[in-house]
Amino acid sequence: MNFYGVSAIYKFEMARMKRTLMQSILSPVISTCLYFVVFGSAIGARMGDIGDVPYGAFIIPGLVMLSLLMHSISNASFGIYMPKFSGTVYEVLSAPISYIEVILGYVGAAATKSVILGLIILATSKFFVDYSILHPFWMVSFLVLTSVTFSLFGFIIGIWADNFEKLQVVPMMIVTPLVFLGGTFYSIDMLPEVWQTISLFNPVVYLISGFRWAFFGVSDVHIGISLLMTLGFLTACLVTISWIFKTGYKLRP
Amino acid sequence: MQPEISVKNLNKSYDDGFQALKDINLDISRGEIFALLGPNGAGKTTLISIICGLVNMSSGQVLAAGNDIIRDYRKARQAIGLVPQELATDSFETVWAAVSFSRGLFGKPANPAHIEKILKALSLWDKRNNHIMTLSGGMKRRVMIAKALSHEPRILFLDEPTAGVDVELRRDMWALVRQLRESGVTIILTTHYIEEAEEMADRIGVIRQGEIILVEDKNRLMNKLGKKELRLQLQNKLEFLPPELAAESLELSESGHELIYTFNAQHEQTGIARLLRTLGDLGIEYRDLKTRESSLEDIFVGLVRQ
Numbered sequence: 000m001n002f003y004g005v006s007a008i009y010k011f012e013m014a015r016m017k018r019t020l021m022q023s024i025l026s027p028v029i030s031t032c033l034y035f036v037v038f039g040s041a042i043g044a045r046m047g048d049i050g051d052v053p054y055g056a057f058i059i060p061g062l063v064m065l066s067l068l069m070h071s072i073s074n075a076s077f078g079i080y081m082p083k084f085s086g087t088v089y090e091v092l093s094a095p096i097s098y099i100e101v102i103l104g105y106v107g108a109a110a111t112k113s114v115i116l117g118l119i120i121l122a123t124s125k126f127f128v129d130y131s132i133l134h135p136f137w138m139v140s141f142l143v144l145t146s147v148t149f150s151l152f153g154f155i156i157g158i159w160a161d162n163f164e165k166l167q168v169v170p171m172m173i174v175t176p177l178v179f180l181g182g183t184f185y186s187i188d189m190l191p192e193v194w195q196t197i198s199l200f201n202p203v204v205y206l207i208s209g210f211r212w213a214f215f216g217v218s219d220v221h222i223g224i225s226l227l228m229t230l231g232f233l234t235a236c237l238v239t240i241s242w243i244f245k246t247g248y249k250l251r252p
Numbered sequence: 000m001q002p003e004i005s006v007k008n009l010n011k012s013y014d015d016g017f018q019a020l021k022d023i024n025l026d027i028s029r030g031e032i033f034a035l036l037g038p039n040g041a042g043k044t045t046l047i048s049i050i051c052g053l054v055n056m057s058s059g060q061v062l063a064a065g066n067d068i069i070r071d072y073r074k075a076r077q078a079i080g081l082v083p084q085e086l087a088t089d090s091f092e093t094v095w096a097a098v099s100f101s102r103g104l105f106g107k108p109a110n111p112a113h114i115e116k117i118l119k120a121l122s123l124w125d126k127r128n129n130h131i132m133t134l135s136g137g138m139k140r141r142v143m144i145a146k147a148l149s150h151e152p153r154i155l156f157l158d159e160p161t162a163g164v165d166v167e168l169r170r171d172m173w174a175l176v177r178q179l180r181e182s183g184v185t186i187i188l189t190t191h192y193i194e195e196a197e198e199m200a201d202r203i204g205v206i207r208q209g210e211i212i213l214v215e216d217k218n219r220l221m222n223k224l225g226k227k228e229l230r231l232q233l234q235n236k237l238e239f240l241p242p243e244l245a246a247e248s249l250e251l252s253e254s255g256h257e258l259i260y261t262f263n264a265q266h267e268q269t270g271i272a273r274l275l276r277t278l279g280d281l282g283i284e285y286r287d288l289k290t291r292e293s294s295l296e297d298i299f300v301g302l303v304r305q
């Protein structure tokens, strides 16, 4: 185990976060505040409770997930795309480090940032809405699991992308719609039946539903299924990454 | 003695079918400076990239410091430092952070004293807290060398180390390479500047279209293939070579204004004195004369043209 190697990558990536504090922490916090003002206060005041949960509190898990997914993907994809773009990736490829260690460094750092971000957003939410967390252990578990899974997904995108457009296209064109249609601002019970069925194909539904269950004990789908789906996506990402490193796809010609 | 790098039957074909390396066999001994010469696209960088782990080989075997580069990749790579051809550095890091990062990446615990030594040797010490993007191209090149040396490698690859580098840095680099060799580091360099190979290398390998066509001790190569030439500018045009001068190594230029005499400088009797006496006897006058030694470049161009 090349412990020094992992720690070098991890620290390098964390240092990047410190340099881009505005972009990494401040901008998601500000955008979350805007969501609270618009959806929580302005619109939420006219909305009834969903389940027994006031609308302002109901959207918290979804908003945290929204930032978590977007930032896990962008952090991790940028983390590996930049060395590829600037050419410095040669150093990582020629280093005595296994691909699992490379991932521990890059994905570990990206996931750490996401977890920190998630916790900051939760803390910010307290200023707008009063809420309590029913299952803190599961809340943290979902937070960590989602951060890791989507950082892995971002890492894959970062390797796949060979220009900046590709780097942006997946988060913008696929993940954003999935999150908005994944029950961030509503319970999927509120949809017509056809759309409910379609929604079940959206993986983000399971994440948000599971996360919301950890907060309020109510969910669209069973917590076990949420957990299974998340773990399933995590496994798929791991399999893809091990394939990438075994074949050298876009890394080693 | 076991070679420091041993390449056996190495082949590389890219996905598009291009065969970049054809059955390469090469042994490099511990502590030598080996120069790999070849025209653009001959496969120099591909060979280095395979040994360093940047490119997958198609078939063959490579040992570095006695370790298979695939099976024992950790040990093999730990022994190697690479300075690639392309200038690739992190822009936002400081010099110190970037070089320390490299040492960690290669599995070594932090050692500020060693980093300090390298930075001083490369005249980077004053710049240690500068962001890399503020440095000049030559300075960035030094940073890349510092990164490659940060983990104390036994083998150092320099891929075109002095391409686009000013004279001062080139001299510095040569001095550093010699110093490294004295400390037992094996150095493999590729270069376009034949002068550089001539100045530095112990042995020379020539690669052409993916094949190694020659590996030879530098001095032996220069002796074997190197010639010296004496050119005499004649006062008056000669129509033909007088029979008294007929010798294999003497020829008249096409214009008839120049006599070209080739000789081996290593011989005791070069025959120059005799030639000049004969010219005097024949009344052939010349207004200028110059000698020149064929450089490694001439030898190289001759080899690659074949």
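Quick note, the sequences are listed as chains C and S, same order. If you count by numbering that gives the first Met the number 0, then the first sequence holds residues 0 to 252, one letter each, in order. If you count by numbering that gives the first Met the number 0, then the second sequence holds residues 0 to 305, one letter each, in order. Here a beta-carbon is modelled for each residue, glycine too, at the ideal position from N, C-alpha and C.
Go to residue i, then tell me how far its beta strand (DSSP E) extends in each direction, as first and last residue.
i: C:F84; result: Premise fails: C:F84 lies in the alpha helix (DSSP H), 54 to 85, not in any beta strand (DSSP E).
i: C:V88; result: Careful: C:V88 lies outside any beta strand (DSSP E), inside the alpha helix (DSSP H) at 88 to 92.
i: S:L278; result: Run containing S:L278: none in the beta strand (DSSP E); it sits in the alpha helix (DSSP H), 271 to 281.
i: S:E250; result: 249 to 251
Taking the beta carbon of residue i as the centre, do at least 16 other beta carbons fall within 10 Å, making it buried, or is it exposed?
i: S:Y13; result: exposed
i: C:F2; result: exposed
i: S:P241; result: exposed
i: C:T234; result: exposed
i: S:D89; result: buried
i: S:I259; result: exposed
i: S:T45; result: buried
i: S:H150; result: buried
i: C:H318; result: Because chain C here runs from 0 to 252, residue 318 of chain C falls outside it and cannot be looked at.
i: S:S319; result: No answer is possible for residue 319 of chain S: it lies beyond the span of chain S, which begins at 0 and ends at 305.
i: S:L118; result: buried
i: C:R45; result: exposed
Where does the unbroken alpha helix (DSSP H) through residue i begin, and where does it stop?
i: C:P210; result: Rather than Pro, the amino acid found at residue 210 of chain C in this sequence is Phe. Taken as a continuous stretch (DSSP letters only), the alpha helix (DSSP H) holding C:F210 covers 202 to 215.
i: S:K119; result: 111 to 120
i: C:Y34; result: 26 to 34
i: C:V143; result: 135 to 159
i: C:T19; result: Looking at the DSSP string, C:T19 is not in any alpha helix (DSSP H), and its letter there is neither H nor E.
i: C:D194; result: In the sequence under discussion, the amino acid at residue 194 of chain C is Trp, which differs from the Asp named in the question. Run containing C:W194: 192 to 198, per the alpha helix (DSSP H) assignment.
i: C:W242; result: 222 to 246
i: C:P129; result: Going by the sequence as given, residue 129 of chain C is Asp instead of Pro. Note, C:D129: premise wrong, no alpha helix (DSSP H); not H, not E.
i: S:G136; result: 136 to 148
i: C:G104; result: 98 to 124
Nearest-angstrom Cα distance between residue i and residue j?
i: S:F262; j: S:M221; result: 14 Å
i: S:R291; j: S:G255; result: 20 Å
i: C:W212; j: S:E159; result: 60 Å
i: S:C51; j: S:F105; result: 13 Å
i: C:H134; j: C:L116; result: 20 Å
i: C:N162; j: C:F84; result: 8 Å
i: S:L274; j: S:E31; result: 42 Å
i: S:K289; j: S:E257; result: 11 Å
i: C:S241; j: C:I102; result: 10 Å
i: C:G153; j: C:G107; result: 12 Å
i: S:K226; j: S:L237; result: 25 Å
i: C:W194; j: C:L177; result: 13 Å
i: S:L233; j: S:L251; result: 10 Å
i: S:V300; j: C:S73; result: 51 Å
i: C:S186; j: C:L227; result: 20 Å
i: C:R18; j: S:G103; result: 21 Å
i: C:G47; j: C:G39; result: 12 Å
i: C:G50; j: C:V217; result: 7 Å
i: C:I132; j: C:A14; result: 32 Å
For residue i, which beta-bridge partners are listed by DSSP?
i: S:A34; result: S:L188, S:I203
i: S:G80; result: S:L155
i: S:A63; result: S:I4, S:N66
i: S:N10; result: S:S58
i: S:H130; result: S:T93
i: S:K227; result: S:F262, S:E292
i: S:I23; result: S:L9
i: S:V214; result: S:G204
i: S:L233; result: S:Y285
i: S:E257; result: S:Q232
i: C:I49; result: C:V52
Legend entry - chain S contacts made by the region 71 to 83 of chain C, where a contact means CB separation under 9 Å: Those residues of the region 71 to 83 of chain C that come within reach of chain S (Cβ to Cβ, closer than 9 Å) are M81, P82.
Legend entry - Within 7 Å of chain C by C-beta, residues of the region 91 to 109 of chain S in sequence order: Residues passing the 7 Å Cβ filter: F91, F100, S101, G103, L104, F105, G106, K107, P108.
Legend entry - Residues of the region 40 to 54 of chain S with Cβ closer than 8 Å to any Cβ of chain C, in chain order: Result list: C51, G52, L53, V54.
Inset, instruction - Could you run through the region 83 to 99 of chain C and flag, in chain order, every residue whose CB is less than 9 Å away from some CB of chain S? - result: Flagged, chain order: S85, G86, T87, V88, Y89, E90, V91, L92, S93, A94, P95, I96, S97.
Inset, instruction - With 8 Å as the limit, tell me which residues of the region 108 to 126 of chain C have their beta carbon closer than that to any beta carbon of chain S; keep them in chain order. - result: Using a CB distance below 8 Å, no part of the region 108 to 126 of chain C faces chain S.
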